[in-house]
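**Student:** Each protein sequence line maps, in turn, to chains A and B.
For the first sequence, counting from 1, position 54 maps to 54 in the numbering used here; every step adds exactly one.
For the second sequence, counting from 1, position 26 maps to 125 in the numbering used here; every step adds exactly one.
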Amino acid sequence: MTDSKKDYQKILASVQKPVIGEAGKTGTWSILKPIINLEKCIPVKSGKPSCYNCWLYCPEAVITRTIPPQIDLDYCKGCGICVEECPAKAISMEVVKTE
Amino acid sequence: MDIVEEEFINPGTRMCAGCAMQLIYRFALKALGPNTILTVPASCLTVLHGMQGFCSTKVSVLHTPFATTGAAASGIVASLEEKGLADNICVVAFAGDGGTSDIGIQALSGAAERGTNFIYACYDNEAYMNTGVQRSSSTPLGAFTATTPGGKIRPKKNMPRILEAHGIPYVATANGSYPIDLYDKFKRARDIKGTRYFHILSACPPGWRFDPKDTIYIGRLATETGFWPLYEIINGKFVLSQPSKKFLDPAKRKDIEQYLSAQKRFSNISKQDIESYRNYIRDQWNEIKRRLENQ
């Protein structure tokens, strides 16, 4: 009896744990993915931490503020905001198959 | 760049692709930092936090019924004051436009009148997007929703003005397309004592009916046409924010038709409604000009 009560309390007062990918691999939502052309990317070209418009406007926070910027395609939903906001037009949407 | 590197939202949430609210939430949490307790009513934001057992955010969140956001925040503040933690921990209520301007307005008004020490942020996607795009009092004139198939016949409610009338120390408008401006405002608001109110325009691709890639562009158009001016009212002093400053000059504003025609929810808007938008924008900016001159 006490055990079942404990289980019952466990469910009611569950601890929410922060996890990456709460909704699963959201990268599977779209087959179109942003690919950065490093020859055009401003931080890569100048070698300085500048621009990062893709990092700034990404709602999903999958783009890193590094040189070169890395996109986590496992969780990128493929909205295409980074493509629109890149001032150097270095990002394009391409078909990438994720498992 | 002086924006905090640390992210407080983990990737892989349940939000739609290209959601401006997630961008707003991301930068608000960056500015507020880890010592924050959030309270969230039923809204798209509840969906972001996920199902039982797992959560996408790294800060504490209390989910409340729809009408009680302000009351729940008051309760959290009272308990923190009792424990002597109120100086370190910032209490933030984050609600949608329905939870703010329709259902939650009495709890919010009560909390603002009591001068509860918390931040109330309303992300305004201009309808009940979570339940399938129904009209709210924040839906603009002429917009198609599931409950206004011919376009809404009443204009948008001006919530910042209502909250300003409570005499609270800080009222600000922001826009998801200007994340740096939004970040600065949240940073500033965190250090002010008393009730602080944010009204943030959040473009919604499925509800406003545009392509997800245009989220930032559409939100920016709202400010560039003068429909959504960015300002702060700090202790009664009206301050126009940097992105909106140049639109004091009517010649620099883009035509409102550009903003309306970019969204399919306005596809059946009448000529008369477009004219009343123009009048609304003109009157709004005349008043901003008058306020800036008379203070």
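In this text, a Cβ means the ideal position worked out from N, Cα and C, and glycines have one as well.
#1: Quick check on the DSSP output: what are the complete beta strand (DSSP E) runs of length 3 or more inside the region 25 to 96 of chain A, in order along the chain?
#2: Using CA atoms only, rank isn't needed, just tell me which of B:K129, B:L359, B:P304 is closest to P231 (chain B).
#3: Could I get the ranges of all uninterrupted beta strand (DSSP E) runs contained in the region 119 to 185 of chain B, with 3 residues as the minimum, in chain order?
#4: Flag this pair as touching only if the region 154 to 165 of chain B and the region 34 to 42 of chain A have three or more C-beta atom pairs under 8 angstroms; answer yes or no.
#5: If distances are taken between C-alpha atoms only, which option among B:M114, B:V338, B:Q151 comes closest to Y269 (chain B)?
#6: Taking C-alpha atoms, which residue in B:F326, B:F346, B:E263 lies nearest to N334 (chain B)?
#7: How is the alpha helix (DSSP H) around L72 (chain B) delimited, first residue to last?
#8: For chain A, find out if any of its Cβ atoms is closer than 8 angstroms to the Cβ of N367 (chain B); answer yes or no.
#9: Between the Cα of I261 (chain B) and the Cα atoms of B:F243, B:W307, B:L207, B:P254, which residue gives the shortest distance?
#10: Let me make sure I understand the geometry here. Which of B:K388, B:G117, B:I267 has the alpha-carbon closest to that of P349 (chain B)?
#11: Compute the Euclidean distance between the alpha carbons of W55 (chain A) and K6 (chain A), then round it to the nearest angstrom.
#12: Less than 8 angstroms separating the beta-carbons of D201 (chain B) and I299 (chain B)?
#13: Indicate the three-state DSSP secondary structure (helix, strand or coil) for A308 (chain B) in the structure shown.
#14: Whole angstroms are fine: how far does the CA of R308 (chain B) sit from the CA of A226 (chain B)?
#15: Residues of chain A with CB closer than 8 angstroms to the CB of C154 (chain B), please, in chain order.
#16: Buried or exposed: where does L128 (chain B) fall if 16 or more other Cβ atoms within 10 Å of its Cβ makes it buried?
#17: Alpha carbon to alpha carbon, how far is Q16 (chain A) from G149 (chain B)? Give it in angstroms, no decimals.
#18: Going by CA-CA distance only, name the one from B:L391, B:C154, B:A271 that's closest to P18 (chain A).
#19: How far does the alpha helix (DSSP H) with D223 (chain B) in it reach, from first residue to last?
#20: Is there at least one Cβ from chain B nearer than 8 angstroms to T66 (chain A)'s Cβ?
#21: When we look at the beta-carbon of I355 (chain B) and count the other beta-carbons within 10 Å, is it buried (16 or more) or exposed?
#22: Give the interface partners of G117 (chain B) over in chain A, defined as CB-CB distance under 8 angstroms, in chain order.
#23: Give the residues of chain A in contact with E104 (chain B), contact being defined as C-beta atoms less than 8 angstroms apart.
#24: Against T26 (chain A), what residues of chain B qualify as contacts under a CB-to-CB distance less than 7 angstroms, listed in chain order?
#25: Could you tell me whether any Cβ in chain B is nearer than 8 angstroms to the Cβ of S92 (chain A)?
#26: If you count every other CB in all the chains shown that lies within 10 Å of the CB of E22 (chain A), and 16 or more means buried, which is it?
#27: Q362 (chain B) and T324 (chain B): beta carbons closer than 8 angstroms?
#28: Checking contacts by CB at 8 angstroms: is V96 (chain A) closer than that to chain E?
#29: Look at T168 (chain B) and P133 (chain B) and say whether their C-beta atoms are less than 8 angstroms apart.
#30: When Cβ atoms are compared, which residues of the region 30 to 57 of chain A fall closer than 8 angstroms to chain B?
#31: On the three-state DSSP scale, how would you describe L339 (chain B)?
**Tutor:** Considering the structure as presented:
#1: 32 to 36, 91 to 95
#2: To locate residue 231 (chain B), count along the second sequence from 1; it is residue 132. Per the sequence shown, residue 231 (chain B) should be read as Gly rather than Pro. For G231 (chain B), the nearest C-alpha among the options comes from B:P304.
#3: 135 to 139, 159 to 162
#4: They do not touch, by the three-pair rule.
#5: Position 170 of the second sequence holds residue 269 (chain B). Put simply, of B:M114, B:V338, B:Q151 the residue whose alpha carbon is nearest the alpha carbon of Y269 (chain B) is B:V338.
#6: For the purposes of this step, residue 334 (chain B) is identified with residue 235 of the second sequence, where counting begins at 1. Comparing Cα positions, the closest option is B:E263.
#7: No information on residue 72 (chain B) is available, as it lies outside the stretch 100 to 394 that chain B covers here.
#8: Position 268 of the second sequence, counting from 1, holds the residue named residue 367 (chain B). Closer than 8 angstroms: no.
#9: Position 162 of the second sequence, counted from the first residue, corresponds to residue 261 (chain B). The residue with the shortest Cα to Cα distance from I261 (chain B) is B:L207.
#10: Position 250 of the second sequence, counting from 1, holds the residue named residue 349 (chain B). Ranking B:K388, B:G117, B:I267 by Cα distance to P349 (chain B) puts B:K388 first.
#11: Taking the first sequence and counting its residues from 1, one reaches residue 55 (chain A) at position 55. Taking the first sequence and counting its residues from 1, one reaches residue 6 (chain A) at position 6. As the crow flies, the alpha-carbon of W55 (chain A) is around 45 angstroms from that of K6 (chain A).
#12: Stepping through the second sequence from its first residue, residue 201 (chain B) is reached at position 102. Stepping through the second sequence from its first residue, residue 299 (chain B) is reached at position 200. Against a cut-off of 8 angstroms, the Cβ pair of I299 (chain B) and D201 (chain B) comes out as no contact.
#13: One-based indexing of the second sequence puts residue 308 (chain B) at position 209. Residue identity differs from the one stated: residue 308 (chain B) is Arg in this sequence, not Ala. Looking at R308 (chain B) - three-state DSSP - the assignment turns out to be coil, as it is neither helix nor strand.
#14: Here residue 226 (chain B) refers to the residue found at position 127 when the second sequence is read from its first residue. Here residue 308 (chain B) refers to the residue found at position 209 when the second sequence is read from its first residue. Looking at the two C-alpha atoms, the distance is approximately 12 angstroms.
#15: In the second sequence, the residue the question calls residue 154 (chain B) occupies position 55. Correct list: Q16, K17, P18, V19, E22.
#16: In the second sequence, counting from the first residue as 1, residue 128 (chain B) sits at position 29. By the beta-carbon neighbour count (other beta carbons within 10 angstroms, threshold 16), L128 (chain B) is buried.
#17: One-based indexing of the second sequence puts residue 149 (chain B) at position 50. One-based indexing of the first sequence puts residue 16 (chain A) at position 16. When rounded, the distance between both Cα atoms is 9 angstroms.
#18: Numbered from its first residue, the first sequence carries residue 18 (chain A) at position 18. P18 (chain A) has its Cα closest to that of B:C154, out of B:L391, B:C154, B:A271.
#19: In the second sequence, residue 223 (chain B) corresponds to position 124, counting from 1. Unbroken run through D223 (chain B) is the beta strand (DSSP E), 218 to 223; no alpha helix (DSSP H).
#20: Counting from 1 along the first sequence, the entry for residue 66 (chain A) is found at position 66. It does not; no Cβ of chain B falls within 8 angstroms.
#21: Along the second sequence, read from residue 1 onward, the residue named residue 355 (chain B) stands at position 256. Its Cβ being crowded by 16 or more others within 10 Å, I355 (chain B) is buried.
#22: One-based indexing of the second sequence puts residue 117 (chain B) at position 18. Result: P59, K77, C79, G80, I81.
#23: By one-based count along the second sequence, residue 104 (chain B) stands at place 5. Simply R65.
#24: As a working mapping, residue 26 (chain A) is identified with position 26 in the first sequence. Those are G111, listed as they occur along chain B.
#25: On the first sequence, residue 92 (chain A) is found 92 positions in, with the first residue counted as 1. Cβ-Cβ to chain B under 8 angstroms: no for S92 (chain A).
#26: Reading the first sequence from its first residue, position 22 is the one you call residue 22 (chain A). Classification of E22 (chain A): buried, given that the 10 Å Cβ count is 16 or more.
#27: Residue mapping note: residue 362 (chain B) aligns to position 263 of the second sequence, counting from 1. Residue mapping note: residue 324 (chain B) aligns to position 225 of the second sequence, counting from 1. No, Cβ-Cβ distance for Q362 (chain B) and T324 (chain B) is not below 8 angstroms.
#28: Going by chain labels, chain E is absent from the structure shown, which instead holds the protein chains A and B.
#29: Here residue 168 (chain B) is taken as the residue at index 69 of the second sequence, counted from 1. Here residue 133 (chain B) is taken as the residue at index 34 of the second sequence, counted from 1. The answer is no: Cβ separation not under 8 angstroms.
#30: Considering only beta carbons, the part of the region 30 to 57 of chain A lying closer than 8 angstroms to chain B consists of S30, P49, Y52, L56, Y57, in chain order.
#31: The residue you call residue 339 (chain B) lines up with position 240 of the second sequence. Looking at L339 (chain B) - three-state DSSP - the assignment turns out to be strand.
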